[in-house]
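In order, the protein sequences belong to chains B and X.
At position 375 of the first sequence the residue is numbered 376 (the numbering used here), and the sequence of numbers has no breaks.
At position 182 of the second sequence the residue is numbered 183 (the numbering used here), and the sequence of numbers has no breaks.
There are 2 protein chains.
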Amino acid sequence: MATSRSLLYFFLLLLIALAFLYAFISTSVRLAEEYKRPRRTLRAPKENLWDTLLDDEVSQLINWLYEPEQGLNLTYHDNATHWDNFIGVTELIPPNKTDALAYLEGNGSVPTRYARVVLFQGASEDPYVHEIKVGPLPISKKTTWEPYNYIYNKGDSATPWYGADDKKRLHEFFKPVVSELADITYDLLGTVIYGQDNDTGGLRTVDPLQKENGRIIQWLEFIGLPQNGYNAETLLSQGLYLKFDITGRDPKGWAFKALLYNDIMYNSSAEFRKAYNTPGFVKLNKIVQGDWMTTKRQGERLPLDELPPPIAVQAEGPRYLLDVKNKYIEWMGFSFYIGFSKDLGTSLHQIMYQGKRIIYELGLQEVMTHYAGNDPVSSGLTYLDSYYGIGSYMYRLIAGYDCPEYSTFLDNWFHENGHTMYQRNSVCIFEQDAGYTIQRHTSTKVMGFGGHHQGYASATRNTVLVVRTVASIDNYDYTFDYNFYLDGSIEVKVRASGYIQGAFYANNEDYGYRIHEALSGSFHTHVINFKADIDVMGEKNTFERISLVPTTEKYPWSEKPKNTMKLKRSSIGNEDNGKLNWPENAAEMYVIMNKDVKNKYGEYPGYRIVPASGSPAHLIIQDSPYILEAAEFSKHHLFVTKHKDSESRSSSAANYMNPWDPSVNFNKFFDGESLLQEDLVVWFNLGMHHVAHTGDLPNTVSTTAQGSMMISLHNYLDLDASRQTSQMVEINFFTEL
Amino acid sequence: MATSRSLLYFFLLLLIALAFLYAFISTSVRLAEEYKRPRRTLRAPKENLWDTLLDDEVSQLINWLYEPEQGLNLTYHDNATHWDNFIGVTELIPPNKTDALAYLEGNGSVPTRYARVVLFQGASEDPYVHEIKVGPLPISKKTTWEPYNYIYNKGDSATPWYGADDKKRLHEFFKPVVSELADITYDLLGTVIYGQDNDTGGLRTVDPLQKENGRIIQWLEFIGLPQNGYNAETLLSQGLYLKFDITGRDPKGWAFKALLYNDIMYNSSAEFRKAYNTPGFVKLNKIVQGDWMTTKRQGERLPLDELPPPIAVQAEGPRYLLDVKNKYIEWMGFSFYIGFSKDLGTSLHQIMYQGKRIIYELGLQEVMTHYAGNDPVSSGLTYLDSYYGIGSYMYRLIAGYDCPEYSTFLDNWFHENGHTMYQRNSVCIFEQDAGYTIQRHTSTKVMGFGGHHQGYASATRNTVLVVRTVASIDNYDYTFDYNFYLDGSIEVKVRASGYIQGAFYANNEDYGYRIHEALSGSFHTHVINFKADIDVMGEKNTFERISLVPTTEKYPWSEKPKNTMKLKRSSIGNEDNGKLNWPENAAEMYVIMNKDVKNKYGEYPGYRIVPASGSPAHLIIQDSPYILEAAEFSKHHLFVTKHKDSESRSSSAANYMNPWDPSVNFNKFFDGESLLQEDLVVWFNLGMHHVAHTGDLPNTVSTTAQGSMMISLHNYLDLDASRQTSQMVEINFFTEL
Ligand SMILES: [Ca+2]
Ligand SMILES: [Ca+2]
Ligand SMILES: [Cu+2]
Ligand SMILES: [Cu+2]
């Protein structure tokens, strides 16, 4: 009996041991396969249709353009004078949506590839920039070129190039004027310009050019050159302004027209010199250079600050899958391609969530900054940064600062002037702990008559996938984030830092604070336009406004009517009503719905779009005399239009060269077409009104200069999608916490 | 010659070696003293004046209150019937500002301590709640009590206590009515209530109570009780409503008045039963319980999700200094005390920055949620959570989820019903990497005529100090953050999660989406009011509006007038103009300035207050028939008043008990007093309009339910304060990046 019982115990123990062993082995296998060597790369299901041209494609293309048969009369950029024609940007034209979807989601073949080539046509009395479309690529017998008119609703892909003689004017026309004033500028401003390497001053142009009575006008401002190696010259306005007429290509037609100092106009240098030599001439404060212009550490050291602050670590590598070649990513139910262009930088395409396309295209359209001021330069300064090429300013990122050390860094490159420019590590991808739970709940309550006790705490980690780039466009640095959340939301975030563009302090009280000895924090509005081609369960969607309105209602259960509030639903019927602002008191929701589909409770599935941080800004200035109709997207907070391949961008690089007749007039998109169950595109603005104060020196601080938009599922799934994650905890409040 | 040279070399080498040794030793010493064993605790310069009463104080106080000499006729709470008097909350009364500042910043002694004691007076035909002020503390011969009228602008610290007989009514009056209907509710709703432990249904009251023709009305709704242990009963409205008259203390005066089902009123159970038994009676959908109510993991597993996501680590301990006893913190130039109250939870006091007070008091005032609906319950539900005691719902935090593992956790405790309630680890303090730089700039440019090349990248870490609490007020979880930034900014952030309070779906289409079988995402507005007693370089300040306005201006340099924009500055002259909303298009800045002080460039130093994330909400409902004048703070986005010790809070726990004559009518604060160079208090709202959709199930997701306000320096220092940190990098773009 005893023996058999021992035997039984022995077998029982053996069984338990085997079970443990099995459990251990199976866990180990799982760990080894799933965790320790996870598949972190993958092959994109289809090719990326929105990345840069391949090196082969572009070198063949450029050789082809130089062939006499094409009749383009091109000179190699590095040898070109201002009287030659040369090649500027060369990049891929995104495919038509229909073709792209046929390939991506059906059996269609890869859409035929075409390039956009920008030609600078200097060999002409009326120099111009011309955009052509070349294809099919790669180069073959079938390849041809034609004017790339399709996306320019001006109807023409050519734009006057008033800047063709910039260098010549700088060296041969402006220089003598400013050199001749050197004795006065040395006294008044503390700097001189002779056009030499050791100049202590420089000239700032006001962009864009202006027209006056049919003449092309260029205003210039004297600025100090930083003497300490910092890129701070936008803080060194000096308040002396020159006006030139630069009409035409013949220097004989150019003229120095006037000089402005302390709000007084002088018609010539001689007149200014005379006034300067007259007793009583008012001399304004000079700029004072110093450490205040530098971003180096300064001021008292902070206690314990040299200890390492908390940083994020990633113990076992990334949890996203990446096809580096195709710039394709999969993460927690999301997948998308990353595109790139020299003008606009990084964009996202074919964003899928849980197997369905939710956004066909999401990307920057334009970065506008409109200044105001008492002087002709700060009054007129209006940047449209895509003209300068936002993508070309997306420099290498600083690992450990711009992005966590553990990020994946991708390269960008673009083709301009016949060269390929590489920007290593200019896109970073990383997961980030948001620093707060996406869901949490604690309950310790006694319930019902019975009073059964519950006590638990439940919480879910909020891990975010971030795709980040930074464009340092001369003085300003814009950090662009595309953030993906576990609840299916996508956030587009912009943060500003870098140097403000200041103005000279004198007479500028109504246009900004005085923030240094001779510096005004010249106030301005940033309007940063994005395109979101949202598709809710197919392309046919409707833009719904759900207004929350006060009302007085009668109810069967109440003798008297009650003051309350209710939902008022309406659709934006057509493009004439497609220009929107964010409502006062946030008392309205904007949702893109598919009204041909109902969820199981009878509601239409949709995505809501809503400002998530900062305050979106549209332009305050009405009918800007400088940007004219070149930036109509800046007049409201957001817009809805019907998708058209020909309405591919809300702006264009060429817009800035000719605001009098812009290549893309965004306002023409709004021509009464129905928006009911159509393919909709939402164009939204981020940005801010920026009244710089002393805290913007030396650089604007991101914490108070950021804004974002959230695009989130709305009655789209049956439950919150973040319930899928394993990164959660549920514990007994009374025994475990 | 050779020898003497060798000797020279030898001495030189020795010197170098010694220098190295010295450098090494001095570095080691520095490391050892400053870094490896940094002083992480400190003694607060003064005692905390805003924390809870000490245990000794409170036990003496309670004994004193029971003494017959005080004439309060109190019964120990746990023995009290509804016809007895007992003690509720017992807590410290904050000192007057003048006394506090005399102590904190001068030679004044510690302000005399007084307690606020809430007395529930049940032993009366008209039961009431009475607040008294007791002091000085600790108890001595000098201690007396008086009505605590001072902060109640009703002029009286007593409030009717209509809920005195709640338990009795529940057990003896409501129970028979619902039991008698059990057969019908079992059929219609699927649940029964007999007042037993195994009841499957419960009753929800509508708060606050209502008055009709002078009678006190209580509406009740049948709800399902969750069968799976989750606190989800707010998702289980059943659409059957009962109306009772509960006026007075005598049950003979109470009456069951009516029953409401499917928008039809029945005057008695019999009438309802008759209709129910009549053919054609419409039976609505029943609630369906299931996993959708649970916060457990559900749905498909996400790829790679079981790998650890990035988390924050803190290598060498905290970089703040803490006096745990006094709840006093110093961090990077900031210092402050943490206060606590049962009604309002955590607050911050005497916030100093760089040696100067910037905020005297920063704290929550009220959490209001106002619902709307077609039924009497969701129409009338209006929570003022301080009545329930927001601090008493600030439970233990989940380390690693609510706050990083490396956080410092503090305890709270409060005194209620003669007991001391401890809430361990209910405040967490931690530094956090914001996930983006506070400053960055890259420059690769060629400058001026001379074209000297620069290429550098500069970036600064954005480390934030967070003080966090979470209040799980029954169904909802509010996470409250006070964030401190290196640029001197302070952010107040609220995030919502937990269970929504739904409504029954039927006939509620105008008041929310149908989000489950029988559930409406009953729409509501959260208005979360905060007080910020900001002091800019002393108490005397002015609230400035800087409007950004479109204008057309003539300039000496332009023939034609130009459309532009400019700043228009104005002050809020007196309290009649002290009710504000956030402007359309963010085209106005609100800055609290000290106009008796100018910075070195002639501008007034100030702090700007601006929404940083989310969209602040004020109430949409006009003149709510339920909350009446008890929540006047909910009618605008923010308010400015002159500081008064008697206007200590914008609301009160008692307000909710008697909205017809609230103890604090916030509107009375606005009585025309001058606000020009006076001690100002800003009262601002966070919150949101919440139209719940399927993504709010099971819990609201924080990512789309958050809002914050930023209070930041404005022309206050000469430069951005974050330049002081050592946590920055500056590298050569061309050789190091
Ligand atoms: Ca679309
Ligand atoms: Ca104040
Ligand atoms: Cu700016
Ligand atoms: Cu809510």
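Built from N, CA and C at the ideal position, the CB exists for glycine as well.
Worksheet item: So, is the C-beta of SER647(X) closer than 7 Å to a C-beta in chain B?
Response: no
Practice prompt. For VAL692(B), go through chain X and note every residue whose CB falls closer than 8 Å to its CB, in chain order.
Written response: ILE547, LEU549, LEU568, MET590
Fill in: Simplified DSSP assignment, three categories, for GLY431(B)
Reading off the sequence shown, one finds Phe at residue 431(B), where the question assumed Gly. Looking at PHE431(B) - three-state DSSP - the assignment turns out to be strand.
Item to complete: Using 6 Å as the cut-off, classify the Cβ of HIS690(B) as near or not near the heavy atoms of ligand 3, replying yes or no.
Response: no
Item to complete: Determine the direct distance from the alpha carbon of SER393(X) to that of SER158(X), and round the result to whole angstroms.
Response: 22 Å
Item to complete: Give a single yes or no on whether HIS644(B) has its beta carbon closer than 6 Å to a heavy atom of ligand 1.
Response: yes
Worksheet item: From which residue to which residue does the alpha helix (DSSP H) around PHE273(X) run?
Response: 270-277
Practice prompt. Name, going along the chain, the residues of the stretch 166-184 of chain X whose beta-carbon falls closer than 9 Å to a beta-carbon of chain B.
Written response: LEU171, HIS172, LYS176
Fill in: Inter-residue Cα distance where the pair is MET77(X) and ALA103(X)
Sequence check: residue 77(X) is Tyr here, not Met. Their Cα atoms are separated by approximately 39 Å.
Item to complete: Starting from the beta carbon of TYR512(X), find every residue of chain B whose beta carbon is closer than 9 Å, and list them in chain order.
Response: THR565, MET566, LYS567, LEU568
Fill in: Per DSSP, the bridge partner or partners of THR445(B)
Looking at the DSSP assignment, THR445(B) forms no beta bridge with any residue, so it has no partner.
Worksheet item: Can you check whether the CB of GLY503(X) is closer than 7 Å to the CB of SER473(X)?
Response: no
Discussion item. Can you look up TYR556(X) in the DSSP assignment and give me helix, strand or coil?
Written reply: coil
Practice prompt. Please go through the same chain and pick out, in chain order, the residues whose beta-carbon is closer than 7 Å to the beta-carbon of ASP672(X), but skip the five residues on each side of it.
Written response: GLU576
Discussion item. So for VAL378(B), helix, strand or coil by DSSP?
Written reply: helix
Worksheet item: In or out: GLU679(X) buried (at least 16 other Cβ within 10 Å) or exposed?
Response: buried
Fill in: TRP146(X) - partner residues in DSSP beta bridges
VAL135(X)
Item to complete: With 9 Å as the limit, tell me which residues of the stretch 310-344 of chain X have their beta carbon closer than that to any beta carbon of chain B; keep them in chain order.
Response: PRO310, PRO311, ILE312, ALA313, VAL314, GLN315, ALA316, GLU317, GLY318, PRO319, ARG320, TYR321, LEU322, GLU331, TRP332, MET333, GLY334
Item to complete: Counting only the same chain and skipping the five closest in sequence on each side, list residues whose C-beta sits under 7 Å from that of ALA613(B).
Response: GLU492, SER709, MET710, MET711
Discussion item. Check this for me: beta carbons of ILE535(B) and ILE360(B), under 7 Å apart or not?
Written reply: yes
Practice prompt. Under 7 Å between beta-carbons, which chain B residues line up against GLU630(X)? List them in chain order, please.
Written response: The contacting residues do not exist; GLU630(X) stays about 13 Å from chain B at best.
Item to complete: Write down the C-beta distance between GLY688(B) and PHE640(B) rounded to the nearest angstrom, noting that I regard them as a contact closer than 8 Å.
Response: Going by Cβ atoms, the distance from GLY688(B) to PHE640(B) rounds to 14 Å, so no, they are not a contact pair.
Worksheet entry | N-terminal and C-terminal residue of the alpha helix (DSSP H) that GLU106(B) is part of | 98-106
Item to complete: Assign ARG44(X) to buried or exposed, taking buried as 16 or more other Cβ atoms, counted over all protein chains shown, within 10 Å of its Cβ.
Response: exposed
Worksheet item: Around ligand 2, which residues pass a check of Cβ closer than 7 Å to any of its heavy atoms?
Response: TYR361(X), ASP534(X), ILE535(X), ASP536(X), GLU540(X), ASN542(X), HIS644(X), ASP680(X), LEU681(X), VAL682(X)
Practice prompt. Report the neighbours of PHE634(X) on chain B: residues whose CB is nearer than 8 Å to its CB, in chain order.
Written response: Under the 8 Å cutoff, chain B gives no residues; its nearest Cβ is about 15 Å from PHE634(X).
Fill in: For LEU714(X), the first and last residue of its enclosing beta strand (DSSP E)
707-715
Discussion item. Give me the chain X residues within the contact set of PRO405(B), using Cβ-Cβ distance strictly less than 9 Å, ordered along the chain.
Written reply: PRO311, ASP434, GLY436
Worksheet item: DSSP on ILE247(B), reduced to helix/strand/coil?
Response: coil
Discussion item. Going by DSSP, what residue range makes up the beta strand (DSSP E) through GLN61(B)?
Written reply: No beta strand (DSSP E) holds GLN61(B); the alpha helix (DSSP H) holding it covers 56-67.
Worksheet item: Can we say the stretch 270-283 of chain B touches the stretch 294-306 of chain X, given the rule of at least three CB pairs closer than 8 Å?
Response: no
Worksheet entry | Beta-carbon proximity of ILE217(X) to THR248(X), cut-off 7 Å | yes
Worksheet item: Under three-state DSSP, which class holds TRP583(X)?
Response: coil
Fill in: For ARG546(B): DSSP bridge partner residues
SER571(B), TYR591(B)
Worksheet item: When the Cα atoms are used, what is the spatial distance from ASP344(B) to LEU385(B)?
Response: 11 Å
Practice prompt. Could you pull the start and end residues of the beta strand (DSSP E) that LYS326(B) belongs to?
Written response: Run containing LYS326(B): none; DSSP gives neither H nor E here.
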